[in-house]
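Have a look at the structure below, then the notes.
Right under this line is the structure:
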């Protein structure tokens, strides 16, 4: 379990994270979604005690991170897969941390096998690793202490499609066994595929927070017509508020019936009319991505 | 249970030798220690060399290279960004720094033991005077400790490998140049560590010599270490 309340961080005179509050429950994967530079990494750094918030606080497993005993045994952290000494062998990078946490050295080989780094890969120096291999090493490192909580910053970066599928299964299993997973991504579809809950951050603020179902279904009706301008006019004439999504499609905060009637009254030919199923979320996310930081 | 201090010290010792750079650096220290003594045995007139001289000689490569080991022990955590891992596993940053200082001291003692063995063998082979004295023996080991701790202090003050290493070599050179200016010569007697440490390998140091060494170490060891510890305690540990 992770709880953040009112986390605020100013760096270089700019407020990077502003009044961020959320919870990550055990048994669930919480996706932390936002465009690059939205404050995801800074928030995660505050949670694991690498950065001191200017206001607000956070707890992991109901304690301030700094007072947790041997936190590596309770919380697995992967903030940057490239943050490994390039001159150290992959296996040694894990072995050093195992020694630090007091983990049985045998676990190092178990985890290397689990993440799919074979003997020859484990013997290589990290300098020779591809980003995908570093990411696997980083996941092995996060799992090394057999933790209850995982905090992962962009864990899918650099993984190939097979690797991404493998990682999803791994994190799903971890959560199903009662673990808490908190992972960030700047890609909506990536988080959609795995997260039970979504926390969306834009420009340092939380803009949406809820279960995946809530966020994906809450946004009304997706409608598309042969003539986009005529459709928009017809919807406005019926006092509806169409939000343009992409290539002539609109999301409207109304039932499919109300939207259908408005189109009929305006004499517009519809080619698509259905509950939006996340189109609203997508639009929200596009707005975040496009607005200058 | 938090990792114990001896455990953390063991980890820091391991980190000194488990990277490619660290491994070669330690190997070079060992090889040079051996080489410098062997070369003197073969080529220098040995009739006036006593055991103390062999020991002081054997320790020379280490006293030049151990500062780099000390610098890298701290600065590489930032240059290679492993600080991200180290300080999430042990959020009490001063415990980690304490372990680094202890590991540095342990490494200095290991190297001193190696130099001692090399010096004993050399003296058995070509020397016959076993002149040493406990005081000088202690002083030489003390200097070695100070050299690696000075490296740790520089590494901590800069949190970056290149400037720390360059400066730790440039400073003694700068002093020897500045010492030529008469009115700076007096200051150099108290602040130039090359000069303040020199008497300690030759005989029992006087009170004035200790005071001069202490003053120079306050400036080049205590001050940068203090600056570094404050920086590390307060700094943001960045991902990139």
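Chains as they are written, first to last, in our numbering: chain A, 6 to 298; chain B, 8 to 247. For each residue, glycine too, the CB sits at the ideal point set by N, CA and C. Bear in mind the structure is a predicted one, so any value in this text is a computation, not a measurement.
Item	Value
Would you list, in sequence order, the uninterrupted beta strand (DSSP E) runs of no fewer than 3 residues that lie entirely inside the segment 198-283 of chain A?	202-207, 210-216, 226-230, 247-251, 254-257, 275-280
So that I know if they touch, is there some Cβ in chain A lying closer than 8 Å to that of residue 60/B?	no
Specify whether the segment 213-226 of chain B and the segment 235-245 of chain B touch according to this definition: at least 3 beta carbon pairs, one from each stretch, less than 8 Å apart.	no
In chain A, which residues lie with their C-beta within 7 Å of the C-beta of residue 28/B?	92
Please go through the same chain and pick out, in chain order, the residues whose beta-carbon is closer than 8 Å to the beta-carbon of residue 103/A, but skip the five residues on each side of it.	109, 110, 112, 113, 149
Evaluate residue 330/A with the Cβ neighbour count: other Cβ atoms within 10 Å of its Cβ, from every protein chain shown; 16 or more gives buried, anything less gives exposed.	Here chain A covers residues 6 to 298 and nothing more, so residue 330/A does not appear.
Can you check which of these residues, 34/A, 41/A, 211/A, 80/A, is closest to residue 53/A by C-alpha distance?	80/A
Looking at the strands, I want to know which residues DSSP matches up with residue 107/B.	According to DSSP, residue 107/B bridges with nothing at all.
Would the segment 65-74 of chain B and the segment 38-50 of chain B be scored as touching if the rule is three or more Cβ pairs under 8 Å?	yes
Among 77/B, 94/B, 99/B, whose alpha-carbon lies nearest the alpha-carbon of residue 164/B?	77/B
Name, going along the chain, the residues of the segment 42-55 of chain A whose beta-carbon falls closer than 8 Å to a beta-carbon of chain B.	46, 50, 53, 54, 55
Under a CB-based cut-off of 8 Å, is residue 172/B close to chain A?	no
Return the bridge partner residues of residue 68/A from the DSSP annotation.	65/A
Over what stretch of residues does the alpha helix (DSSP H) that includes residue 161/B continue unbroken?	141-165
Closer than 7 Å, Cβ to any Cβ of chain A: which residues of the segment 233-245 of chain B, in chain order?	243, 244
With which residues is residue 158/A paired in a DSSP beta bridge?	189/A
Find the residues of chain A that neighbour residue 101/B, judging by a C-beta separation of less than 7 Å, and give them in chain order.	Going along chain A, no residue has its Cβ under 7 Å from residue 101/B, so there is no contact; the nearest lies around 12 Å.
Would a check of beta-carbon distances place residue 22/B closer than 8 Å to chain A?	yes
Just curious, the alpha helix (DSSP H) that residue 37/A is in, first and last residue?	From DSSP, residue 37/A is part of no alpha helix (DSSP H) but of the beta strand (DSSP E) over 34-38.
At least one CB of chain B closer than 8 Å to the CB of residue 88/A: is that the case?	yes
Taking the straight line between their C-alpha atoms, what separation do you get for residue 208/B and residue 145/B?	10 Å
Would DSSP call residue 9/A helix, strand or coil?	strand
Looking only at its chain, what residues have a beta carbon closer than 6 Å to the beta carbon of residue 86/A, apart from the 5 residues adjacent to it on each side?	139, 140, 143
Anything in the segment 66-94 of chain B with a Cβ closer than 7 Å to a Cβ of chain A? List those residues in chain order, please.	83, 87, 88, 89, 91, 92, 94
Look at the alpha carbon of residue 143/B and the alpha carbon of residue 58/B, and state the distance between them as a whole number of angstroms.	11 Å
Using C-beta distances below 7 Å, list every residue in its chain close to residue 259/A, excluding the 5 sequence neighbours before and after it, in chain order.	225, 226, 245
Which of helix, strand or coil does DSSP assign to residue 218/B?	helix
I want to verify the contact list: residues of chain A whose CB lies under 7 Å from the CB of residue 18/B, in sequence order.	101, 104, 105
How many Å lie between residue 11/A and residue 213/A at the Cα?	15 Å
According to DSSP, simplified to helix, strand and coil, what is residue 59/B?	helix
Hey, out of 90/A, 269/A, 168/A, 65/A, whose CA is closest to residue 187/A's CA?	65/A
Below 8 Å CB to CB, which residues in the same chain sit around residue 122/A once its five sequence neighbours on both sides are set aside?	95, 138, 141, 142, 145
Going by Cα to Cα distance, which pick from 107/A, 221/A, 247/A, 82/A is closest to residue 229/A?	247/A
Mind the definition here: the segment 99-116 of chain B touches the segment 18-31 of chain B only if three or more C-beta pairs lie below 8 Å; say whether that holds.	yes
If we ignore side chains and look at the alpha-carbon of each, how far apart do residue 152/A and residue 178/B end up?	47 Å
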